[in-house]
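In the working numbering, the protein residues as written are -14 to 164.
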């Protein structure tokens, strides 16, 4: 059965009384959420509508999420972070993406180099930082840490991926710096 709700054609699933958009589980009807459970801003949608172009970070993020889903389908949950990181890097490279793994960032304090370094898991396309986890749950500290990496590296988008979940979309978080 089909019905129009808020300008969108929807279909009824399995007699449970639920109405979903054509994209089903990948996008909640009308919410603007993508498969990573993140909300695209009205500004992002307006930019795409006006120019027909998406921000490069969002395009790269789509490649990262697709590659992560493929790795998770192949390996499943429960392995070490290093295994997922290696396989995700290979999957992204096979898709033609530029991937830098275990990238070292120097830490500056008030303009002076401290001699300390940060090591990020991956930088994809020179724009998106990826942090790979394999933990029971995504602690808030992981998002805070990724946000700090974004600020220090002067990047706008980071993807936090926890592979230790039954359904990968529950383990993906977008972290944004000054968008």
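Idealized CB from N, CA, C, for every residue including glycine.
Keep in mind the model is a prediction, meaning the values are calculated, not measured.
Taking the Cα positions, residue 120 is about 6 Å away from residue 149. Residue pairing from DSSP places residue 108 in a beta bridge opposite 85, 114. Remark: C-beta atoms of residue 147 and residue 126 do not approach each other more closely than 9 Å. Under the three-pair Cβ rule at 8 Å, the stretch 105 to 114 counts as touching the stretch 125 to 144. For the pair residue 110 and residue 82, the CB atoms are nearer than the 9 Å cut-off. Each residue's CA atom was taken as its position, placing residue 54 and residue 153 some 6 Å apart. Cβ contact annotation for residue 41 (same chain, cutoff 8 Å, sequence separation greater than five): 110, 112, in chain order.
Residue 140 has its alpha-carbon roughly 18 Å from the corresponding atom of residue 94. Per DSSP, reduced to three states, the secondary structure at residue 101 is strand.
Under the DSSP assignment, residue 160 falls in the beta strand (DSSP E) whose first and last residues are 157 to 161. Of the candidates 118, 96, 99, 118 places its Cα closest to the Cα of residue 105. For residue 52, the closest alpha carbon among the candidates 92, 163, 70, 65 is that of 70.
Residue pairing by DSSP puts residue 145 in a beta bridge opposite 116, 158.
Taken atom to atom, the span from the alpha-carbon of residue 86 to that of residue 137 is near 17 Å. In the three-state DSSP reduction, residue 91 falls in the strand class (E or B). Here residue 151 carries a coil assignment [DSSP, helix/strand/coil]. Within the model, the alpha-carbon separation for residue 107 versus residue 88 is close to 7 Å. One thing to note: residue 90 has its Cβ no nearer than 9 Å to the Cβ of residue 49.
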